[in-house]
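Peer 1:
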Amino acid sequence: MSSELYDAINLGDLINYKKGIAFKSKDYSDNGIPLIRVSNFHEDTLSPNDLKFLPRKIAEENKSVELKFSDIVVATVGSWPNNPSSVVGRVISVPKWSAGALMNQNSVILRAKDSDFYNQRYLFYCLKTKDFSNHIISKAQGSANQASITLDAIFSFPIFWSDYSHRQSVASFLTNIDDRITLLRETNTTLETIAQALFKSWFVDFDPVHAKQQGRAPEGMDAQTAALFPDYFEESELGMVPKGWRASNLGEIASFQNGYAFKSKDWKDSGHPVVKIGDVKPGIIDLSGCSFVSPSTLKGLDRFALFRGDLLVGMTGYVGETGLVPSHNPQAFLNQRVGRIAAKNKQACFEYIYCAIRNSGFKEFAVSQSHGSAQANVSGASILEYPIVLACEKIIDAFSGIVKVLIEKILTNHEQALALASCRDTLLPRLISGQLRLPEAQALVEDVVDA
54 MSSELYDAIN LGDLINYKKG IAFKSKDYSD NGIPLIRVSN FHEDTLSPND
104 LKFLPRKIAE ENKSVELKFS DIVVATVGSW PNNPSSVVGR VISVPKWSAG
154 ALMNQNSVIL RAKDSDFYNQ RYLFYCLKTK DFSNHIISKA QGSANQASIT
204 LDAIFSFPIF WSDYSHRQSV ASFLTNIDDR ITLLRETNTT LETIAQALFK
254 SWFVDFDPVH AKQQGRAPEG MDAQTAALFP DYFEESELGM VPKGWRASNL
304 GEIASFQNGY AFKSKDWKDS GHPVVKIGDV KPGIIDLSGC SFVSPSTLKG
354 LDRFALFRGD LLVGMTGYVG ETGLVPSHNP QAFLNQRVGR IAAKNKQACF
404 EYIYCAIRNS GFKEFAVSQS HGSAQANVSG ASILEYPIVL ACEKIIDAFS
454 GIVKVLIEKI LTNHEQALAL ASCRDTLLPR LISGQLRLPE AQALVEDVVD
504 A
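Per the working numbering, residue 54 is the first one in the sequence shown, and the count goes up by one each step.
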């Protein structure tokens, strides 16, 4: 099948729509109905981070912008393409967890007139093509720092509306890829939770020590590991700690490196990505929206090169946010106001450091040490003052052996999710146009999974 066999229909003729509402910040409450803002857009979906809430009374009065599962939402205000993570015209599909939430201003909700699930998904994928993003940018207006798009411009985008069987097959195939990506991300959330729970049990709550003190065998470990833990506590600067353990700070076992102050004239449209503060996302560094520098700019800056598994921390704005660097080619580099935290030596346990600063207590500490009225800033020296409890080397080694496997799996899953997303985006326009048959597309996806 080819796109030449069917007509293009303007998006506006295929959908019903509703603009988001400009809710007032004075109406926000500590709980109630979630309010989705454009800042909650994350990749193809919504992030629950930094959600705002509205009282149920206000929500009842504004049911017209209540979101449904699989709604399509387009950002009508944003940046220009030089800042991809917030670019105007971003498109998301509403996940199940946010059904019933309300949609804020600077957005438009789209629903297929024929509200069949596959029609909705097919429309979503049509709007995820490069053709749509190019269409939006070509018609956007605004200043150097902010772009906006009219509804008429959005609705004038031509959609190749094939027969229903083709739409259903394409939507089902692409949704299956997205489901695989979602599963990988959910698995990573579980792995992170396991690592943090183990850290809290061993080094915060001291569960194995309490168990032995009470004459019980510690749960979830073999006898050899249990034997490493003491069976009573002693006083320290941080209060009661297991015998033989001691109060310390992060700086005893970790080093800190700030990034390089690249200049505005260094930025290019392509080259080596540079991780800025906005790229430090919880868990994994987001390299998709990075600015670039040319190889010539990087001469003499090898010490700022980033490697797979490096642990970064934000020092301005969202201070204390942390994430791992995934594999990337070409190599990424570290910008100012983003710090790299590494184990000081081979005896220092990276996995212990990772869990210590991925713990919510670290972020709270970083915020408490920050300064600045317009934007919070924290220094590397302050970060290294973060108080920790150090166990004996054998216990930390045992912890490392467990968590190292989890961290590696987190990185591997993330990289496979990126590979699947890249494959999906490559196949997307060819599937919609009918230039690629589904069996061929399926084979290409399996090649990515097996790689």
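Glycine is no exception: its CB is placed at the ideal position from the N, C-alpha and C atoms.
Quick caveat, the model's predicted, so the values are computed rather than measured.
Do residue 459 and residue 545 have their beta-carbon atoms positioned less than 8 Å apart in this structure?
Peer 2: Because the chain here runs from 54 to 504, residue 545 falls outside it and cannot be looked at.
Peer 1: Within 10 angstroms of its Cβ, does residue 140 collect 16 or more other Cβ (buried), or is it exposed?
Peer 2: Position 87 of the sequence shown, counted from the start, is the residue given in the question as residue 140. Buried: at least 16 other Cβ atoms inside 10 Å.
Peer 1: Just to confirm before moving on: does the CB-CB distance between residue 100 and residue 120 stay below 8 Å?
Peer 2: Position 47 of the sequence shown, counted from the start, is the residue given in the question as residue 100. Position 67 of the sequence shown, counted from the start, is the residue given in the question as residue 120. No; because the gap between Cβ atoms is not below 8 Å, this pair is not in contact.
Peer 1: For residue 132, is the classification buried or exposed, using 16 other Cβ atoms within 10 angstroms of its Cβ as the cut-off for buried?
Peer 2: Taking the first residue of the sequence shown as 1, we reach residue 132 at position 79. Under this definition residue 132 is a buried residue.
Peer 1: Going by Cα to Cα distance, which pick from 377, 314, 286 is closest to residue 340?
Peer 2: Position 287 of the sequence shown, counted from the first residue, corresponds to residue 340. Measuring from the Cα of residue 340, the nearest candidate turns out to be 377.
Peer 1: In the structure shown, what three-state DSSP assignment does residue 420 receive?
Peer 2: Translated into positions along the sequence shown, residue 420 becomes position 367. The answer is helix: DSSP assigns residue 420 an H, G or I state.
Peer 1: With distance defined between alpha-carbon atoms, name the residue in 207, 85, 109 nearest to residue 143.
Peer 2: Counted from its first residue, the sequence shown places residue 143 at position 90. Checking every option, the nearest Cα to that of residue 143 belongs to 207.
Peer 1: CA-CA distance, residue 355 and residue 328?
Peer 2: Taking the first residue of the sequence shown as position 1, residue 355 is located at position 302. Taking the first residue of the sequence shown as position 1, residue 328 is located at position 275. Distance between the alpha carbons of residue 355 and residue 328: 15 Å.
Peer 1: Could you give the C-beta distance for residue 467 and residue 384, rounded to a whole number, given that I count them as a contact under 8 Å?
Peer 2: Residue mapping note: residue 467 aligns to position 414 of the sequence shown, counting from 1. Residue mapping note: residue 384 aligns to position 331 of the sequence shown, counting from 1. Wrong, their Cβ atoms sit about 17 Å apart, outside the cutoff.
Peer 1: Residue 409: buried (16+ other C-beta within 10 angstroms of its C-beta) or exposed?
Peer 2: Here residue 409 corresponds to residue number 356 of the sequence shown, with the count starting at 1. With 16 or more other Cβ atoms within 10 Å, it is buried.
Peer 1: Per DSSP, what kind of secondary structure is residue 217 in: helix, strand or coil?
Peer 2: Residue numbering aside, residue 217 sits at position 164 when the sequence shown is read from its first letter. Residue state, collapsed to three classes: helix.
Peer 1: Going by the DSSP bridge assignment, what does residue 313 pair with across the sheet?
Peer 2: Your numbering for residue 313 matches position 260 in the sequence shown. In DSSP, residue 313 forms a bridge with 388.
Peer 1: Use the C-beta contact count for residue 503: other C-beta atoms within 10 angstroms, 16 or more gives buried, fewer gives exposed.
Peer 2: Within the sequence shown, residue 503 is the residue found at index 450, counting from 1. Residue 503 is exposed by the Cβ-count criterion.
Peer 1: Between 372, 315, 287, 360, which has its C-alpha nearest residue 352's C-alpha?
Peer 2: Position 299 of the sequence shown, counted from the start, is the residue given in the question as residue 352. Of 372, 315, 287, 360, the residue nearest in Cα terms is 315.
Peer 1: Ignore the nearest five residues each way along the sequence and tell me which others in residue 177's own chain have a CB closer than 6 Å to its CB.
Peer 2: Within the sequence shown, the letter at position 124 stands for residue 177. Taken in chain order, the residues that qualify are 125, 146.
Peer 1: Just list the beta strand (DSSP E) runs in the region 116-202, keeping only unbroken ones of 3 residues or longer that don't cross its boundaries, in chain order.
Peer 2: 125-128, 144-146, 160-165, all fully within the region 116-202.
Peer 1: Measuring straight from C-alpha to C-alpha, what distance separates residue 55 and residue 486?
Peer 2: Here the question's residue 55 lines up with position 2 in the sequence shown. Here the question's residue 486 lines up with position 433 in the sequence shown. Any reading at residue 55 must be qualified, since the residue scores a pLDDT of 48, below 50, and its modelled position is unreliable; the value itself is stated next. Answer to the nearest angstrom: the Cα atoms are 6 Å apart.
Peer 1: Are the Cβ atoms of residue 394 and residue 366 separated by less than 8 Å?
Peer 2: Within the sequence shown, the letter at position 341 stands for residue 394. Within the sequence shown, the letter at position 313 stands for residue 366. Their beta carbons are under 8 Å apart, which means residue 394 touches residue 366 by this criterion.
Peer 1: Would you mind stating whether residue 73 and residue 158 have Cβ atoms separated by less than 8 Å?
Peer 2: Walking along the sequence shown from the start, residue 73 turns up at place 20. Walking along the sequence shown from the start, residue 158 turns up at place 105. In contact: residue 73 and residue 158 (Cβ atoms closer than 8 Å).
Peer 1: Which parts of the region 410-487 are runs of the beta strand (DSSP E), unbroken and 3 residues or longer, counting only runs that do not cross its ends?
Peer 2: Counting whole runs of 3 or more residues, the region 410-487 contains the beta strand (DSSP E) stretches 440-443.
Peer 1: Could you tell me which uninterrupted beta strand (DSSP E) segments, each at least 3 residues in length, are contained entirely in the region 314-400, listed from first to last along the chain?
Peer 2: Those beta strand (DSSP E) runs which fall completely within the region 314-400 and span 3+ residues are 325-328, 344-346, 364-367, 375-377, 391-396.
Peer 1: Could you check where the alpha helix (DSSP H) with residue 497 kicks off and where it finishes?
Peer 2: Along the sequence shown, read from residue 1 onward, the residue named residue 497 stands at position 444. Start and end: 491-503.
Peer 1: Can you tell me whether residue 62 is buried or exposed, with buried defined as 16 or more other CB within 10 angstroms of its CB?
Peer 2: Along the sequence shown, one-based indexing puts residue 62 at 9. Classification for residue 62: exposed.
Peer 1: Specify whether the region 474-486 and the region 279-287 touch according to this definition: at least 3 beta carbon pairs, one from each stretch, less than 8 Å apart.
Peer 2: Contact between the region 474-486 and the region 279-287 is absent, because fewer than three Cβ pairs lie under 8 Å.
Peer 1: Compute the beta-carbon to beta-carbon distance between residue 256 and residue 444, rounded to the nearest angstrom, for a pair I have assumed lies under 8 Å.
Peer 2: Against the sequence shown, residue 256 aligns to sequence position 203. Against the sequence shown, residue 444 aligns to sequence position 391. Going by Cβ atoms, the distance from residue 256 to residue 444 rounds to 7 Å, so yes, they are a contact pair.
Peer 1: Could you tell me the distance, in whole angstroms, from the CA atom of residue 182 to the CA atom of residue 169?
Peer 2: As a working mapping, residue 182 is identified with position 129 in the sequence shown. As a working mapping, residue 169 is identified with position 116 in the sequence shown. Rounded to whole angstroms, residue 182 to residue 169 spans 21 Å at the Cα level.
Peer 1: By how many angstroms is the C-alpha of residue 447 removed from the C-alpha of residue 281?
Peer 2: Here residue 281 is taken as the residue at index 228 of the sequence shown, counted from 1. Here residue 447 is taken as the residue at index 394 of the sequence shown, counted from 1. When rounded, the distance between both Cα atoms is 7 Å.
Peer 1: To the nearest angstrom, report how far apart residue 231 and residue 219 are at their CA atoms.
Peer 2: By one-based count along the sequence shown, residue 231 stands at place 178. By one-based count along the sequence shown, residue 219 stands at place 166. Going by the C-alpha atoms only, they are around 18 Å apart.
Peer 1: Determine, using beta carbons only, whether residue 68 and residue 165 come nearer to each other than 8 Å.
Peer 2: By one-based count along the sequence shown, residue 68 stands at place 15. By one-based count along the sequence shown, residue 165 stands at place 112. Yes, the Cβ-Cβ distance between residue 68 and residue 165 is below 8 Å.
Peer 1: Which of helix, strand or coil does DSSP assign to residue 101?
Peer 2: Start at 1 with the first residue of the sequence shown, and residue 101 comes out as number 48. In the structure shown, residue 101 sits in coil (DSSP, three-state: anything other than H, G, I, E or B).
Peer 1: Is the distance from the Cβ of residue 127 to the Cβ of residue 160 below 8 Å?
Peer 2: Sequence index remark: in the sequence shown, residue 127 carries index 74 (1-based). Sequence index remark: in the sequence shown, residue 160 carries index 107 (1-based). Yes. Within cutoff.
Peer 1: Rounding to the nearest angstrom, what Cα-Cα distance links residue 407 and residue 456 in this structure?
Peer 2: Position 354 of the sequence shown, counted from the first residue, corresponds to residue 407. Position 403 of the sequence shown, counted from the first residue, corresponds to residue 456. Cα-Cα distance, rounded: 9 Å.
Peer 1: Would you identify the three-state DSSP class for residue 210, choosing helix, strand or coil?
Peer 2: Here residue 210 refers to the residue found at position 157 of the sequence shown. Here residue 210 sits in coil by DSSP.
Peer 1: Rounded to whole angstroms, what is the Cα-Cα separation between residue 273 and residue 250?
Peer 2: For this step, residue 273 is matched to residue 220 along the sequence shown. For this step, residue 250 is matched to residue 197 along the sequence shown. The straight-line gap from Cα to Cα measures roughly 12 Å.
Peer 1: What three-state label does DSSP hand residue 69 in the structure shown?
Peer 2: The residue labelled residue 69 in the question sits at position 16 within the sequence shown. Three-state result, residue 69: strand.
Peer 1: May I have the straight-line CA-CA distance separating residue 496 from residue 226, to the nearest angstrom?
Peer 2: By one-based count along the sequence shown, residue 496 stands at place 443. By one-based count along the sequence shown, residue 226 stands at place 173. Taking the straight line from one Cα to the other gives about 12 Å.
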